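Read the structure below first, then the notes.
Residue numbers (this note's numbering): 2 to 144.
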């Protein structure tokens, strides 16, 4: 089973400010609660150490992530691969008529171990809330 979730956020901020957050692998990883820790590598790829609270997994899972598409400052897509699941995330920014912007997010998880899809199905909304909260906090803090 594949789990797919999409959500759009609206911001009263210039698209470039939203792009600065969403195109940064470190900020994306830091916003997700199940990412226990991460490293961003010199080539722009990252390793996420993910802790999923499911019976089949007793330690963190290394998820090797890399951007597969980047159209700055409008769109970024990344893929993460691990022994437990594969995740694809896509973020697209469009400017609104009032000078703000809209951020469309889509995530797809294909589980390889029992319980992975059901975990993400139950928790994706909360993880997207975390992403939105982190982005809004980033926009509110002085540069």
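Here a beta-carbon is modelled for each residue, glycine too, at the ideal position from N, C-alpha and C. Fair warning: this is a prediction, and the values are worked out from it, not measured in the lab.
Tell me whether the beta-carbon of residue i lies closer than 8 Å to the beta-carbon of residue j.
| i | j | result |
| --- | --- | --- |
| residue 90 | residue 108 | yes |
| residue 6 | residue 125 | yes |
| residue 1 | residue 48 | As shown, the chain starts at 2 and ends at 144. That puts residue 1 outside it, with no answer to give. |
In chain order, what residues of the same chain lie with their CB nearer than 8 Å to the CB of residue i, ignoring the 5 residues before and after it?
| i | result |
| --- | --- |
| residue 120 | 53, 54 and 55 |
| residue 127 | 34 |
Select from the options the residue whose C-alpha is nearest the C-alpha of residue i.
| i | options | result |
| --- | --- | --- |
| residue 92 | 75, 116 and 42 | 75 |
| residue 83 | 67, 17 and 101 | 67 |
| residue 78 | 98, 85, 106 and 59 | 106 |
Within 10 Å of its beta-carbon, does residue i have 16 or more other beta-carbons around it, so buried, or fewer, so exposed?
| i | result |
| --- | --- |
| residue 123 | exposed |
| residue 29 | buried |
| residue 69 | exposed |
Keeping to the same chain, check which residues put their C-beta closer than 6 Å to that of residue i; ignore five residues upstream and five downstream.
| i | result |
| --- | --- |
| residue 139 | 22 |
| residue 1 | The shown model of the chain, from 2 to 144, leaves out residue 1, and the question about it has no answer. |
Could you give the uninterrupted runs of the beta strand (DSSP E) lying entirely in the region 30-92, keeping only those of 3 residues or more?
Listed in chain order, the beta strand (DSSP E) runs fully inside the region 30-92 are 36-41, 47-51, 62-72 and 76-82, counting runs of at least 3 residues.
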